[in-house]
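Engineer: First, the structure itself, so that you have it in front of you.
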């Protein structure tokens, strides 16, 4: 197999090892898997040294996951140009906070309740799936790391850094729970602004943290907020969104030791959601 095929198989094996360890409302469930052998269809078009020589069969993995009916967070935050499709994620601030809370609870389960703990290493909107009831589920465990007891707090030093551009912890060489917190902070900014982490804005490359964090620090969070959610948030609801923005800023500290623990983030988001709901008009 070529290098890319090897990487895909490694990622799949990692996912098949990790997902059975995790049972949580906000983590996608693996229902089953098996491996078969399949002759590469392309071999009919190949001519090797001898026309009668057969190529070895490559393994083919079949996996079945819990069905996620409503696509990804990325799809709803960044729909195709010209799309008029609306969803609870697109138009509701309450749903957006609820999504961030669900993802944070999943990460908390991985970091604090899984035994041994698990670091996801690829938290991003593309890996957040929605079921039929718009409950968010974390997926994409192909790069994840199991933290066994032999690892110290500085485990991972010198490891090859993997992940998705824009979401990778800037503290290179230190793969740790705070790396997931950094990626979550990026995703919080995407949810608040509706912008991609790296975006071509009228010919200029926009790096979301570099753009957004100074505005949050200056107390101008309202300037950043996505205009699609309706209705306009009340003062109390805006305070909840401000709390989310400030939490995102803290998650993006350069050094992992300066970022909040995931349990702190869960508590802040629970309070923000409660504050937001308190100011909703009664029907």
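Residue numbers (the UniProt record's numbering): 1 to 283.
Built from N, CA and C at the ideal position, the CB exists for glycine as well.
Could you check which residue in 237, 246, 208, 231 has the C-alpha nearest to that of residue 220?
Structural biologist: Comparing Cα positions, the closest option is 246.
Engineer: Beta-carbon separation of residue 250 and residue 260 under 8 Å?
Structural biologist: yes
Engineer: With DSSP collapsed to three states, give me the class of residue 42.
Structural biologist: The pLDDT assigned to residue 42 is 48, lower than 50, so where the model puts this residue is not dependable, and the model offers no usable value.
Engineer: From residue 198 to residue 208, what distance separates their C-alpha atoms?
Structural biologist: In a straight line, the C-alpha of residue 198 is about 6 Å away from that of residue 208.
Engineer: Bridge partners for residue 35 per DSSP, in chain order?
Structural biologist: 61
Engineer: Do residue 188 and residue 273 have their CB atoms nearer than 8 Å?
Structural biologist: No.
Engineer: Taking 8 Å as the threshold (C-beta atoms), are residue 143 and residue 163 in contact?
Structural biologist: yes
Engineer: Contact defined as beta carbons within less than 8 Å: I believe residue 292 pairs with residue 182. What is the distance between those atoms, to the nearest angstrom?
Structural biologist: Because the chain spans 1 through 283 in this model, residue 292 falls outside it and cannot be assessed.
Engineer: Cutting at 8 Å between CB atoms, please list the residues of its own chain near residue 239, excluding the five before and the five after it.
Structural biologist: 275
Engineer: To the nearest angstrom, report how far apart residue 89 and residue 196 are at their CA atoms.
Structural biologist: 15 Å
Engineer: Whose C-beta lies closer than 7 Å to the C-beta of residue 61 among residues of the same chain, with five residues either side of it excluded?
Structural biologist: Counting only residues of its own chain and dropping the five nearest sequence neighbours on each side, residue 61 has a CB closer than 7 Å to the CB of 12, 33, 35.
Engineer: With DSSP as the reference, label residue 197 as helix, strand or coil.
Structural biologist: In the structure shown, residue 197 falls within a coil segment according to DSSP collapsed to helix, strand and coil.
Engineer: Given residue 268, which residues of its chain have a CB within under 7 Å of its CB, disregarding the five upstream and five downstream residues?
Structural biologist: 243, 247
Engineer: Could you tell me which whole beta strand (DSSP E) segments of length 3 or greater appear in the stretch 199 to 264?
Structural biologist: 204 to 207
Engineer: What are the boundary residues of the beta strand (DSSP E) that residue 137 is part of?
Structural biologist: 136 to 138
Engineer: With the cut-off set at 8 Å, would you say residue 192 and residue 125 are in Cβ contact?
Structural biologist: no
Engineer: Is it buried or exposed, residue 277, if we count other Cβ atoms within 10 angstroms and call 16 or more buried?
Structural biologist: exposed
Engineer: My output table needs one value for residue 86: the three-state DSSP class, helix, strand or coil.
Structural biologist: coil
Engineer: Would you mind listing the beta strand (DSSP E) stretches within the stretch 86 to 148 that are 3+ residues and don't spill past its ends, in chain order?
Structural biologist: 128 to 130, 136 to 138
Engineer: Would you check if the distance between the CB atom of residue 138 and the CB atom of residue 27 is smaller than 8 Å?
Structural biologist: yes
Engineer: Taking the alpha carbon of residue 113 as the point to measure from, which residue in 280, 17, 270, 262 has its own alpha carbon closest?
Structural biologist: 262
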